[in-house]
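Q: Below you will find the structure I want to go over with you.
Numbering (this note's numbering), first residue to last: 1101 to 1406.
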């Protein structure tokens, strides 16, 4: 199946508009990350987590106000499907904290029948180890990708691929930072979301490598054409495959977002955003970076020859 048969869109010619668009998105992402930060889960900040059933009627705000003086700090309380999710950065015996939560809700709201159906606890030191491991895993994956592209193509292609991946991760993180607290589902960063980001890196790289492969093929085939024209031909030649693959993957992820439940909503949202941004960057970021690097190298050679 092929769509966009004989496509000839001026992607490369419009790359400067894409630079402006991407630059604005990256700047806004950085501003949001600095000013609003990220909503970290207990995986990365430590604490206790309780999922309480039979207590949705009073509402998250009322429960938060009731628990604050008892726990000694304001807990994070959210609606979690048909249950209530309570997170508190407390130390001590988890059973005592659980008992305090249940008794407080039962006393303040006699119409409820609170019952803790799930608990989770992460110590501060373990949370720091997880945070460090998440950073290392993303940086390590970028390094491995750089070396892989370097071996398969050349360093300009490596740099183009890594810039595109950095672009994708930064903008997706920026969107998580900007939207947390505004959407009706959790956008907290935990191990599941880190897995989503690594999936985004792999997906975006797959699109990028296919375009790079076609560029290498067409460079040898159309030796008299300017490199910019060869890149544009390559992007158009792979456009059908890119749209079909991204579209079918997005369809599955959207279904997961709608029907996957509260636990998978943040994960699937990250994939929806990442796949869209990754498809865009494969066309408008990775290949144009290669063009700019080659153009600068040619300009330096000309200047040296003179």
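Just so you know, even glycine gets a beta-carbon here, dropped at the ideal spot from N, CA and C.
Note that this is a predicted model, so its numbers are computed, not measured.
Going by the beta-carbon positions, is the gap between residue 1259 and residue 1125 smaller than 8 Å?
A: Mapped onto the chain shown, residue 1259 falls at position 159. Mapped onto the chain shown, residue 1125 falls at position 25. It is not a contact, given that the beta carbons lie outside the stated cut-off.
Q: Return helix, strand or coil for residue 1323, following the three-state DSSP convention.
A: As a first step, residue 1323 is located in the chain shown; it is residue number 223 there, counting from the start. Coil at residue 1323, not helix or strand.
Q: In three-state terms, what does DSSP make of residue 1381?
A: Position 281 of the chain shown holds residue 1381. Correct three-state label for residue 1381: helix.
Q: Can you give me the start and stop residues for the beta strand (DSSP E) that residue 1195 sits inside?
A: Your numbering for residue 1195 matches position 95 in the chain shown. It is not in any beta strand (DSSP E) - residue 1195 instead sits in the alpha helix (DSSP H) that spans 1194-1208.
Q: Could you check what DSSP says for residue 1236 in three-state terms: helix, strand or coil?
A: Mapped onto the chain shown, residue 1236 falls at position 136. Of the three classes helix, strand and coil, the one that applies to residue 1236 here is helix, per DSSP.
Q: Out of 1183, 1169, 1187, 1171, state which residue places its alpha-carbon closest to the alpha-carbon of residue 1177.
A: On the chain shown, position 77 is the one that residue 1177 refers to. Considering only alpha carbons, the answer is 1187.
Q: Let me check understanding here. Comparing Cα to Cα, which of 1270, 1293, 1366, 1160 lies closest to residue 1234?
A: As a first step, residue 1234 must be located in the chain shown, where it is residue number 134. When each option's Cα is compared against that of residue 1234, the closest is 1293.
Q: In the structure shown, what three-state DSSP assignment does residue 1316 receive?
A: For the purposes of this step, residue 1316 is taken as residue 216 along the chain shown, with counting starting at 1. In this structure, residue 1316 counts as helix in the three-state DSSP scheme.
Q: Would you check if the region 1318-1325 and the region 1261-1271 touch, i.e. whether three or more CB-CB distances between them fall below 8 Å?
A: no
Q: Mind the definition here: the region 1206-1216 touches the region 1146-1159 only if three or more C-beta pairs lie below 8 Å; say whether that holds.
A: yes
Q: Could you tell me how far apart the beta carbons of residue 1203 and residue 1157 are, in whole angstroms, since I believe they sit closer than 8 Å?
A: The sequence position of residue 1203 within the chain shown is 103, counting from 1. The sequence position of residue 1157 within the chain shown is 57, counting from 1. Under the criterion of beta carbons closer than 8 Å, residue 1203 and residue 1157 do not qualify as touching, at roughly 17 Å.
Q: Are residue 1137 and residue 1277 closer than 8 Å when you measure CB to CB?
A: In the chain shown, counting from the first residue as 1, residue 1137 sits at position 37. In the chain shown, counting from the first residue as 1, residue 1277 sits at position 177. Result yes, Cβ atoms of residue 1137 and residue 1277 sit closer than 8 Å.
Q: Please name the residue or residues paired with residue 1148 in a DSSP beta bridge.
A: For the purposes of this step, residue 1148 is identified with residue 48 of the chain shown, where counting begins at 1. Listed as beta-bridge partners of residue 1148 by DSSP are 1188, 1221.
Q: So, residue 1171 versus residue 1200, is the Cβ gap smaller than 8 Å?
A: Here residue 1171 is taken as the residue at index 71 of the chain shown, counted from 1. Here residue 1200 is taken as the residue at index 100 of the chain shown, counted from 1. Result yes, Cβ atoms of residue 1171 and residue 1200 sit closer than 8 Å.
Q: Taking Cβ positions, are residue 1331 and residue 1112 nearer each other than 8 Å?
A: In the chain shown, the residue the question calls residue 1331 occupies position 231. In the chain shown, the residue the question calls residue 1112 occupies position 12. Yes, these two residues count as a Cβ contact at 8 Å.
Q: Give me whichever residues DSSP pairs with residue 1133 in a beta bridge.
A: In the chain shown, counting from the first residue as 1, residue 1133 sits at position 33. Paired residue(s): none; residue 1133 is not in a bridge.
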